[in-house]
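Protein chains in written order, with the working numbering: chain P, 1 to 95; chain U, 1001 to 1434.
Yeah, the Cβ is synthetic: ideal placement off N, Cα and C, and Gly gets one too.
Please read the structure below before turning to the comments.
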Ligand SMILES: Cc1cc2nc3c(=O)[nH]c(=O)nc-3n(C[C@H](O)[C@H](O)[C@H](O)COP(=O)(O)OP(=O)(O)OC[C@H]3O[C@@H](n4cnc5c(N)ncnc54)[C@H](O)[C@@H]3O)c2cc1C
Ligand code: SF4
Ligand code: SF4
């Protein structure tokens, strides 16, 4: 199985260090109230990972700003999602 | 910088550039705001450009637009795990100017298009995210940005901010998109020498090929895949409804890897160098999912308003056309000395209704629901078709009549006679108007 990191390695980003534009609102809800944890499967950049204890960790560095995780978390609306500051985030060379 | 503009356009994608260009051409005082480092640096498309929509905005675009190849051949493949059945359409007619469809690379194209808007007099502010609309009661009076002292005022704001359309949601103009109304597409760009592409696809210099695909590669989800030729690269991607990704717990990049590994696709990419991986949503909910697209001091154009014809893979042309119509509405009303309020801006809706945009969206309004309720279009049929082709083509001593009988019974077995009839009817309805 291919690692998504190998793909993302080809992309250009300007990461806004310390200011993630996406965060999980209530981590406890992910751990105990969400069976599917669809964000961990469907994010095309693999930004969400499930830890051994059922917790979900979100790291936005490879994010392509698609919006999937926000829309797909439709039962719990547990994703706080905004754009990065102007000029930051993914910089598509081709798109 | 002047604190107040006639119009603020949010976004420098297809819709925003069409709107800003049209407004600036007519002499209006326009500010265009884009969050990307440069126009296009946030945007993703297949990408096929339909000449007609752009021609109506910039008639001589062919002189200097960054176009990759004009398309002379369309292939349609229905894939099973190890095979495909397909059709080709290639015509010398597509080789006569003016060409009708081109492949483009959005990061390059959007910069060109935005420069046209700037040359026409629009003021463009990049690296600036609009964080909120400024409201006076229900009326939009400007925007707040993430720049210092970033409040800017205008008589009208055109929201051309793409599929996620956060601003209209924050202002309460429409709700969050539903997973069933949007597709997620992932794609890659692979570089190869120009001559390799031309020999591999049997095309000449500047000629291009499109391959549209459906079937097993979407793993039972409602969706399609594509492969397009650029000058020195190939783009390929796959997109399925978000509700299906969620239900079936499929990882998008694994789907893309599997597609690249299909025995019919792998040789087309051999020896290439992958230089970018991208993901983007496509609002495919169609007519029934469209939000209100105008109000007091605001209008919505492009993906933000769900202006996409998913069945025909058209989006950029609807974005350009809606951006242009929004601009023309404002220009006309201004000439007539009318204020830009919810009542007068209803003219935008009338223009949309009168154009191919709403005519097509209305015509295909049943399509999303029909495909959603009939997943076997994406699973059973590809398999049956491929097996039928295999049975027919294989020379194995079985007589042709028996072969036909076995194909027929395979179809009936899988779908029943009535099911087949019903499917044919549904398929026909998806493409028909009513
Ligand atoms: C994989 C894929 C393949 C496609 N293939 C085709 C095809 O072959 N042919 C076709 O016609 N269509 C195709 N489409 C659809 C087409 O790409 C879209 O319909 C089109 O790009 C929509 O244009 P737009 O201007 O509405 O939105 P976008 O092009 O997305 O532009 C929106 C702009 O707004 C900016 N923005 C957003 N929010 C803010 C904010 N708050 N502040 C500042 N700036 C902001 C963004 O950075 C962006 O530049 C495809 C789409 C995808 C994803
Ligand atoms: S889908 Fe939503 S609630 Fe579930 S794990 Fe992901 S972020 Fe948490
Ligand atoms: S916006 Fe898209 S790429 Fe970014 S974290 Fe969400 S799903 Fe992943």
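Can you name, in chain order, every residue of its own chain whose Cβ lies under 8 Å from the Cβ of residue i, other than the five neighbours on each side?
i: residue 1434 of chain U; result: Reliability fails at residue 1434 of chain U, whose pLDDT of 44 lies under 50, so the model's placement of it is uncertain and the value that follows must be treated cautiously. Closer than 8 Å at Cβ, skipping near neighbours: 1366.
i: residue 1151 of chain U; result: 1134, 1142, 1143, 1144 and 1145
i: residue 31 of chain P; result: 53, 54, 55 and 56
i: residue 1178 of chain U; result: 1243, 1285 and 1289
Check whether the Cβ of residue i lies closer than 7 Å to any heavy atom of ligand 2, and answer yes or no.
i: residue 66 of chain P; result: no
i: residue 37 of chain P; result: yes
i: residue 29 of chain P; result: yes
i: residue 1177 of chain U; result: no
i: residue 21 of chain P; result: no
i: residue 1407 of chain U; result: no
i: residue 79 of chain P; result: yes
i: residue 24 of chain P; result: yes
By DSSP, does residue i sit in helix, in strand, or in coil?
i: residue 1298 of chain U; result: strand
i: residue 1135 of chain U; result: strand
i: residue 1404 of chain U; result: helix
i: residue 81 of chain P; result: strand
i: residue 956 of chain U; result: Because chain U here runs from 1001 to 1434, residue 956 of chain U falls outside it and cannot be looked at.
i: residue 1287 of chain U; result: helix
i: residue 1001 of chain U; result: Because residue 1001 of chain U carries a pLDDT of 47, less than 50, the predicted location of this residue cannot be relied on, and no value is offered for it.
i: residue 1358 of chain U; result: helix
i: residue 1364 of chain U; result: coil
i: residue 1208 of chain U; result: strand
i: residue 1161 of chain U; result: coil
i: residue 20 of chain P; result: coil
i: residue 1317 of chain U; result: helix
i: residue 1270 of chain U; result: coil
i: residue 1151 of chain U; result: strand
i: residue 1329 of chain U; result: helix
i: residue 1279 of chain U; result: strand
i: residue 1216 of chain U; result: helix
i: residue 72 of chain P; result: helix
i: residue 1007 of chain U; result: strand
i: residue 1434 of chain U; result: For residue 1434 of chain U, the pLDDT reaches just 44, beneath the cut-off of 50, and the residue's location in the model is therefore unreliable, although a value from the coordinates is still provided. Looking at residue 1434 of chain U - three-state DSSP - the assignment turns out to be coil, as it is neither helix nor strand.
i: residue 1371 of chain U; result: helix
i: residue 1187 of chain U; result: strand
i: residue 1226 of chain U; result: strand
i: residue 14 of chain P; result: strand
i: residue 1386 of chain U; result: helix
With a CB to CB cut of under 6 Å and the five nearest residues on each side skipped, what residues in its chain are close to residue i?
i: residue 1051 of chain U; result: 1100
i: residue 1227 of chain U; result: 1211 and 1236
i: residue 1005 of chain U; result: 1029, 1031 and 1154
i: residue 1002 of chain U; result: The pLDDT assigned to residue 1002 of chain U is 46, lower than 50, so where the model puts this residue is not dependable; a value taken from the coordinates is nonetheless given after this. Excluding sequence neighbours, residue 1002 of chain U sits near nothing in its chain.
i: residue 1163 of chain U; result: 1281, 1283 and 1303
Does the distance between the C-beta of residue i and the nearest non-hydrogen atom of ligand 3 fall short of 7 Å?
i: residue 44 of chain P; result: yes
i: residue 60 of chain P; result: yes
i: residue 1279 of chain U; result: yes
i: residue 104 of chain P; result: Chain P is shown from 1 up to 95; residue 104 of chain P falls before or after that span and cannot be answered.
i: residue 1240 of chain U; result: no
i: residue 1126 of chain U; result: no
i: residue 34 of chain P; result: no
i: residue 63 of chain P; result: yes
Closer than 7 Å: is that where the CB of residue i sits relative to any heavy atom of ligand 1?
i: residue 1129 of chain U; result: yes
i: residue 1316 of chain U; result: yes
i: residue 1013 of chain U; result: yes
i: residue 1118 of chain U; result: no
i: residue 1298 of chain U; result: no
i: residue 1099 of chain U; result: no
i: residue 1050 of chain U; result: yes
i: residue 1167 of chain U; result: yes
Near residue i, what residues of its chain come up, given a Cβ to Cβ distance below 7 Å and the 5 sequence neighbours on each side ignored?
i: residue 95 of chain P; result: none
i: residue 1037 of chain U; result: 1126 and 1127
Using 7 Å as the cut-off, classify the Cβ of residue i as near or not near the heavy atoms of ligand 4, replying yes or no.
i: residue 56 of chain P; result: Ligand 4 is not among the ligands present in this structure, which contains only ligand 1, ligand 2 and ligand 3.
| message | Quick check for students: name the residue ranges of the alpha helix (DSSP H) that lie wholly in the region 1243-1267 of chain U, counting only runs of 4 or more. | response | Segments of the alpha helix (DSSP H) lying fully in the region 1243-1267 of chain U: 1252-1260.
| request: Quick one: which residues of the region 1251-1266 of chain U get their C-beta closer than 8 Å to a C-beta of chain P? List them in chain order. | output: Residues of the region 1251-1266 of chain U with a Cβ closer than 8 Å to any Cβ of chain P, in chain order: 1251, 1252, 1253, 1254 and 1257.
| field | Contacting positions in the region 1271-1295 of chain U - beta carbon closer than 7 Å to chain P | value | From the region 1271-1295 of chain U, only 1274, 1275, 1276, 1277, 1278, 1279, 1280 and 1281 have a Cβ closer than 7 Å to chain P.
| request: Would you list, in sequence order, the uninterrupted beta strand (DSSP E) runs of no fewer than 3 residues that lie entirely inside the region 1025-1094 of chain U? | output: Here the runs fully enclosed are 1030-1033, 1048-1050, 1069-1079 and 1084-1090.
| message | Short of 8 Å Cβ to Cβ, which residues in the region 12-41 of chain P face chain U? | response | Look at the region 12-41 of chain P: the residues with a C-beta under 8 Å from a C-beta of chain U are 14, 36, 38 and 41.
| Closer than 8 Å, Cβ to any Cβ of chain P: which residues of the region 1157-1170 of chain U, in chain order? | Under the 8 Å Cβ criterion, the region 1157-1170 of chain U contributes 1163, 1164 and 1166.
| task | Please name the residues in the region 70-93 of chain P whose beta-carbon is closer than 9 Å to at least one beta-carbon of chain U, in chain order. | result | Within the region 70-93 of chain P, the qualifying residues are 70, 71, 72, 74, 77, 81, 82, 83, 84, 85, 86, 87, 88, 89, 90, 91, 92 and 93.
| query | In chain order, what residues of the region 1038-1049 of chain U put their CB closer than 9 Å to some CB of chain P? | reply | The residues in question are 1038, 1040, 1041, 1042, 1043, 1044, 1045 and 1047.
| field | Near-chain P residues of the region 1140-1155 of chain U - C-beta to any C-beta below 8 Å | value | Residues 1145, 1146 and 1147.
| task | Below 8 Å between beta carbons is the criterion; list the residues of the region 49-73 of chain P that meet it against any residue of chain U, in chain order. | result | In summary, the residues of the region 49-73 of chain P whose CB is separated from some CB of chain U by less than 8 Å are 64, 65, 66, 67, 68, 70, 71 and 72, in the order they occur in the chain.
| task | Return the residues of the region 1105-1125 of chain U that lie within a Cβ-Cβ distance of less than 7 Å from chain P, sorted by chain order. | result | Residues 1105, 1106 and 1107.
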